[in-house]
Amino acid sequence: MHDVVEDVLTAGACTIMGTIPRASNDTRLVVVEHGDRTLRAVYKPTSGESPLRDFPPGSLAGREVGAYRLSRHLGLDVVPPTVVRSDLAAGPGSLQAYVEDAGDDASVALTGIEAIPPGHAPMFALRTPDDRDLVLSHETSEALRRIAFFDLLANNADRKAGHIIRGSVLPGLGRRGADPATYGIDNGLTFHAEEKLRTVLWGFSGSSFGEDEVDALDTVAGMPETLRTQLVECLSQAEVTCLTRRAARLAESGFWPEPSEDRMIIPWPPI
Ligand SMILES: Nc1ncnc2c1ncn2[C@@H]1O[C@H](COP(=O)(O)OP(=O)(O)OP(=O)(O)O)[C@@H](O)[C@H]1O
Ligand SMILES: [Mg+2]
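So the sequence shown is residues 51 to 321, counted in our numbering.
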């Protein structure tokens, strides 16, 4: 199903519908038509990236595509299909399938301490401007674990609660396509060579990696040529090397790491 969506994104005719408000980078909603398929997508032109202190300029679109390729190669399928398009109005950028929100996701919650949903792991507390104390918590489900595992590998510096969405990338395909699924969107701050994991999903820390996770870590540590070729189109050689080393380190430890105490480990804002 993701391959079908990738084809539509790569070859489809795009109509830019408008800008998505309040995003920190130029982010536009696009309708993509190809054959008898129509879907929505998010176009992030490199020309509209806001400069960041710790990531090289003009590199976010490549990171978005690299994130998809890594997730797809490992069969995690937590990143919506994402391609590079160079022929759209604002110049080269990433084009990612829009996750049509299923509207039934309660996997991450922000509640009073007395209302933390059963089965949720509490992450941190925060105080609202009107002095209410709230706790962010998340399910420790397989779906969230896959996203958190991807973030570990990709060294995601920005996994916010609001960027975890359960929904469909190809509405109409229904159950046949294993959709709806839980996706992580906004994967532009990934693959930095230095350790930068910032996430709201720390609830798996300390658990040992499962068999599938160990296989995935071994795959990335060994970096098959097909994956390397796909990743060096989007990331620097040094970043790809750091990815393989990170996977090898995680495989060797056997355990999900604990949050580091000497740096920021939660994205800001966290929601
Ligand atoms: N694939 C997607 N599916 C559904 N909605 C999306 C997708 N990508 C982006 N959006 C919507 O567009 C908004 C802005 O996109 P995104 O967060 O990727 O851009 P950004 O410039 O990094 O913004 P932010 O400042 O929120 O981090 C998201 O908060 C979300 O509402
Ligand atoms: Mg962002």
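All C-beta atoms, glycine included, are put in the ideal place defined by N, C-alpha and C.
Nothing here was measured: the structure is a model prediction, and the numbers come from that model.
Return the CA-CA distance between P317 and S310, expressed in angstroms with no decimal places. 14 Å
Just verifying my parser: in three-state terms, what is the DSSP assignment at Y93? Three-state result, Y93: strand.
Euclidean distance between Cα positions of L160 and L184: Going by the C-alpha atoms only, they are around 6 Å apart.
Return the CA-CA distance between L293 and G85, expressed in angstroms with no decimal places. Spanning the two alpha carbons is a distance of roughly 37 Å.
Check each candidate in G125, L247, E114 and A288 and name the one with the smallest Cα separation from K94. Considering only alpha carbons, the answer is E114.
Span separating the alpha-carbon of R225 from that of E275: Its pLDDT being 48, under 50, R225 is placed unreliably in this model, and the value from its coordinates should be taken loosely. In this model, R225 and E275 are separated by some 33 Å (Cα to Cα).
Would the stretch 208-218 and the stretch 298-312 be scored as touching if the rule is three or more Cβ pairs under 8 Å? no
Give the secondary structure of R225 by DSSP, where H, G and I count as helix, E and B as strand, and everything else as coil. Residue placement at R225 cannot be trusted, given a pLDDT of 48 that sits under 50; what the coordinates show is reported in the next sentence. The answer is helix: DSSP assigns R225 an H, G or I state.
Helix, strand or coil: how does DSSP classify I315 here? coil
Using alpha carbons as the reference points, say which of D236, I235, L220 and R248 lies closest to P229. Per the sequence presented here, residue 229 reads as Asp, with Pro not at that position. Ranking D236, I235, L220 and R248 by Cα distance to D229 puts L220 first.
State the DSSP-derived secondary structure class of L300, mapped to helix, strand or coil. helix
Per DSSP, which one or two residues make a beta bridge with C284? Answer is none; C284 lacks a bridge partner.
Rank G162, V133, D312 and S303 by C-alpha distance to the C-alpha of A111 and give the top, closest one. V133
So, with DSSP's three-state summary, where would you put R278? Assigned with DSSP and collapsed to three states, R278 falls in helix.
Please determine whether the Cβ atom of K246 lies at a distance below 8 Å from any heavy atom of ligand 1. K246: no, Cβ never under 8 Å from ligand 1.
Any heavy atom of ligand 2 inside 8 Å of the beta-carbon of N206? no
So who's on the other strand from L267, going by DSSP bridges? BP columns for L267 are empty, so no partner.
Can you check DSSP and say which residues form a bridge with F174? L186
Are the beta-carbon atoms of N75 and G98 separated by less than 9 Å? yes
Could you give the DSSP three-state label for R135: helix, strand or coil? strand
Identify every residue that forms a DSSP beta bridge with I66. V80
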